[in-house]
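To start, the structure itself, in structure tokens.
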Amino acid sequence: MRQPLKLTTSLLDWYRDNRRDLPWRTEDPDPYRVWLSEIMLQQTTVAVVRSYFEAFTGRWPTLDDLAAAELDAVLHAWQGLGYYARARNLHRCAKVLVTEFGGRFPESEKELLRLPGIGAYTAAAITAIAFGQPSAPVDGNIARVIARLMKLETPLPGLRRDVGELLAPLIPAQKPGDMVQALMDLGSAICKPGKPLCDQCPWRTSCAALKAGVVEQLPVKAAKKIKPVRHGVVFWIEDDESHVLLRRRPEKGLLGGMMEIPSSDWREKKWRMEEAIKEAPVLAEWQTLPGTVRHTFTHFHLHLIVLSTHTHQRKTNSGVWCTPNQFSSHALPSVMKKVIRHVVG
Ligand code: SF4
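Numbering (our numbering), first residue to last: -14 to 330.
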């Protein structure tokens, strides 16, 4: 690579004048806050994360506080950030750190990688930002910036490996965390996915993609996979006092540990009525509500049919019964909120 020092210096100069003011950025970064922000920022924007971060750190100011929290309270506070596995891993990770690491984060990427919910990017970001080590984290934003700067034509996800190698010489031994955060800010404010602001970029005189006129073609996207459709049936069971049955999903698997309106498996084959009612938590006369509830997860689209029944007597002791205006006190995922809107409007 040509002139890594010049590239590093020009970006750090730009960062000094343009850095975003974020609640987890401080002169003396706290590993707990850095870790929490990085987990929240996976798949979510800074604008969304800011208020969640402030609410979490207000309620659980330290790692010990988060480790001592009830999982349900954490899931509930996470509502709206999506990808609930991250919240479950966050809580598990806090517990492991308190019970096995004396309440401190290990300082090596290798050890961080063994903790729940911490992958290569997060481990490298924590060691660079919180512990001042010259690690080279590569997420989608940083991959895009480096792919353009160096005109890399490898499609994602292979691009990340190439970027990691090329990024390492740009990370300085002094204040590596500033360089990493400068890259994050450059990707977010200037080298945006569509219409990057190259005329304001500190790297415009060195950028190979700009020179070649191919900025908007990079990074090269991998061919999109078509998402399969899965089908499920939801059982809406209401008693004489308008209480509806909710139950907890199994700890393992999609939306694990969250509350749901009881539902069947979500599978690729459509459910026939006779088959579906065998999955219901109670024996009853079922009515099919018109319409379908549609929701999209990362890897598939889900189509849900809602069956409803009325019961004078609660025929099951598993789960909890509550009225629709009490639903908000439970950790219900977005797909279940759609089901509720479908039934009660
Ligand atoms: S010059 Fe443009 S494409 Fe190149 S790094 Fe800067 S913003 Fe990105």
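Note that beta-carbon positions come from the ideal geometry of N, C-alpha and C, so glycine has one too.
Distance between Gly87 and Pro8, taken at the CA atoms: about 26 Å. The Cβ neighbour count for Ile211, taken over all protein chains shown within 10 Å, is under 16; the residue is labelled exposed. Counting C-beta atoms within 10 angstroms of its own C-beta, Thr112 has 16 or more neighbours from the protein chains shown and is therefore classed as buried.
Where Gly217 is concerned, the enclosing beta strand (DSSP E) starts and stops at 214 to 224. Classified as exposed, Ala40 has fewer than 16 neighbouring CB atoms from the shown chains inside 10 Å of its CB.
If you ignore the 5 residues before and after Gln64, its C-beta comes within less than 7 Å of the C-beta of Ala316, all in its own chain and listed in chain order. Each of Val324, Ala174, Ala207 was checked against the Cα of Met244, and the nearest Cα belongs to Val324. Fully enclosed alpha helix (DSSP H) runs of no fewer than 4 residues occupy 94 to 97, 105 to 116, 125 to 134 of the region 73 to 150, in order along the chain. Put simply, the backbone Cα of Val34 is about 44 Å away from that of Glu270. Taking the Cβ atoms as the reference, His228 lies roughly 6 Å from Cys307, within the contact range of under 8 Å. Leaving aside the five residues that flank Glu236 on each side, the residues in its chain whose CB is nearer than 6 Å to its CB run, in chain order, Gly242. In this structure, the beta-carbon distance from Leu287 to Trp256 does not fall below 7 Å.
Here Ala132 is buried: its Cβ has 16 or more other Cβ atoms, across all protein chains shown, within 10 Å. Relative to the Cα of Ile24, the nearest Cα in the group Asp13, Gln185, Leu66 belongs to Leu66. One alpha carbon belongs to Ile114, the other to Glu264, and they sit about 49 Å apart. It is roughly 10 Å from the alpha-carbon of Arg99 to the alpha-carbon of Ala108.
DSSP lists Val229 as the bridge partner or partners of Cys307. Per the C-alpha coordinates, the member of Leu(-10), Pro(-11), Lys(-9), Ser(-5) positioned closest to Gln185 is Ser(-5).
Its chain contains Val229, Ile325, Val329 as the residues whose beta carbon lies nearer than 7 Å to that of Pro309, once the 5 sequence neighbours on both sides are disregarded; these appear in chain order.
For Arg279, no alpha helix (DSSP H) segment is defined; the enclosing uninterrupted segment is the beta strand (DSSP E) at 278 to 281.
By the criterion of at least three beta-carbon pairs nearer than 8 Å, the region 213 to 229 is not in contact with the region 42 to 58. For the ligand SF4, no non-hydrogen atom lies closer than 6 Å to the CB of Leu100. Within 10 angstroms of the beta-carbon of Ser36 lie fewer than 16 other beta-carbons, which makes it exposed. Any heavy atom of the ligand SF4 counts here; residues with a Cβ closer than 6 Å to one of them, in chain order, are Val130, Arg133, Leu134, Ile175, Cys176, Pro181, Cys183, Cys186, Trp188, Arg189, Cys192, Ala194, Leu195, Val200.
According to the DSSP assignment, Val267 belongs to no alpha helix (DSSP H), since it is labelled neither H nor E. A straight line joining the alpha-carbon of Val291 with that of Leu268 spans about 16 Å.
In terms of CA proximity to Gly162, Thr(-7) leads the group Thr(-7), Val218, Leu51. Looking at Pro318, Lys95, Pro16, Arg73, the one whose alpha-carbon comes closest to that of Thr47 is Pro16.
Taking the Cα positions, His297 is about 16 Å away from Val305.
Counting C-beta pairs with one atom in each stretch, the region 122 to 129 and the region 140 to 148 have three or more that are closer than 8 Å, which means they touch.
It is roughly 15 Å from the alpha-carbon of His216 to the alpha-carbon of Pro275.
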